[in-house]
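Down below is the structure, laid out as structure tokens.
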Amino acid sequence: MPSRVYECIAKINDTIQENKDFLTDLDREIGDADHGVNMARGFNAVTEKVSQDETDIGAALKKTGMTLLSTVGGASGPLYGTAYMEAGKVLAGKTELSAEDFGAALNAAIAGIQKRGKAERGEKTMLDALIPAYETYTAKVAEGADIVTALDAAIEEANKGIEYTKTIRATKGRASYLGDRSIGHQDPGATSATLTLETIRDFLKA
Ligand code: ADP
Ligand code: MG
0 MPSRVYECIA KINDTIQENK DFLTDLDREI GDADHGVNMA RGFNAVTEKV SQDETDIGAA
60 LKKTGMTLLS TVGGASGPLY GTAYMEAGKV LAGKTELSAE DFGAALNAAI AGIQKRGKAE
120 RGEKTMLDAL IPAYETYTAK VAEGADIVTA LDAAIEEANK GIEYTKTIRA TKGRASYLGD
180 RSIGHQDPGA TSATLTLETI RDFLKA
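The structure is reproduced here in structure tokens:
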């Protein structure tokens, strides 16, 4: 996405604002009813901080991460903040994105979330969408798929990951306080992560 990084970030903001109540309602079931509010506050600030003429994708993502870190409380602020910052490091200086670049950035984002949150797959978090999405994404790229085709397949897996979070007990974050009562509800963070991937895919497809 040559020098259209601001546009993509603005689209992610639109998605977050549109899904603010949905994400908050999901968090009401197993958390403290603030996931949508947190993300909406963070991305509002991001669209103000990232310049519309920013061409360096890495720099824009680093700024996104720093803004999320400083404006969003709760678990998701530091986790998404770290994810965007780590992705930004990988993409420093880039004004265009290859399929491999996107995979490397997604991998770094996931590693950042895991370092910060100390969670593994299967603990009912955003990782249950992101890790399977990444695995499928890289497998598709290895077969020669372009970003959009690989993301299509990755998003299918992310959505399966959301469904999977309904079947398991949360062992990290606030939802873990509920123990078995967290079963039956989909994870808000897995949902916002999947919505983010879908928005990036739709942006690149347009
Ligand atoms: P809080 O839980 O502090 O209120 P949010 O409601 O904004 O923060 O975000 C909750 C989401 O954060 C969860 O749905 C889950 O996906 C994610 N999350 C919580 N703890 C972790 C963790 N340790 N690692 C990865 N993701 C986590
Ligand atoms: Mg919450």
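Residue numbering for the sequence shown follows numbering that gives the first Met the number 0, starting at 0 and increasing by one per position.
Here a beta-carbon is modelled for each residue, glycine too, at the ideal position from N, C-alpha and C.
For the options V36, Q185, D31, the alpha carbon positioned closest to that of D127 is the one of Q185. The continuous alpha helix (DSSP H) containing A59 extends over residues 56-70.
A Cβ-Cβ distance of about 4 Å is found for the pair M125 and A192, placing them in contact under the 8 Å criterion. Residue burial annotation: K123 is buried, with at least 16 other C-beta atoms found within 10 angstroms of its C-beta. Listed by position along the chain, the residues with Cβ atoms less than 6 Å from a non-hydrogen atom of the ligand MG are D26, G30, D31, D33, H34, G73, R173. Rounded to the nearest whole angstrom, the CA to CA distance from I167 to D52 is 44 Å.
Nearest to E17 by C-alpha distance, out of A141, N43, E6, R27, is N43.
Scanning its chain for C-beta atoms nearer than 8 Å, with the 5 sequence neighbours on each side dropped, one finds around Y133 the residues G102, L105, N106, I109, A153, in chain order. Between L150 and L90, the gap from beta carbon to beta carbon reaches 8 Å or more. Proximity to A141 across R173, K171, Q113, S97 peaks at S97, based on C-alpha coordinates.
For the ligand ADP, no non-hydrogen atom lies closer than 7 Å to the CB of A110. C-alpha of G76 to C-alpha of A144: approximately 32 Å in a straight line. In this structure, the straight-line span from the alpha carbon of G172 to that of G57 is close to 29 Å. If you compare the alpha carbons of T137, L177, I182, E156 with that of K165, the shortest gap goes to I182. Restricting attention to K139, K159, A82, the CA atom closest to the CA of Q113 is found in A82. A residue is called buried when at least 16 other Cβ atoms come within 10 angstroms of its Cβ; K204 does not meet this threshold and is exposed.
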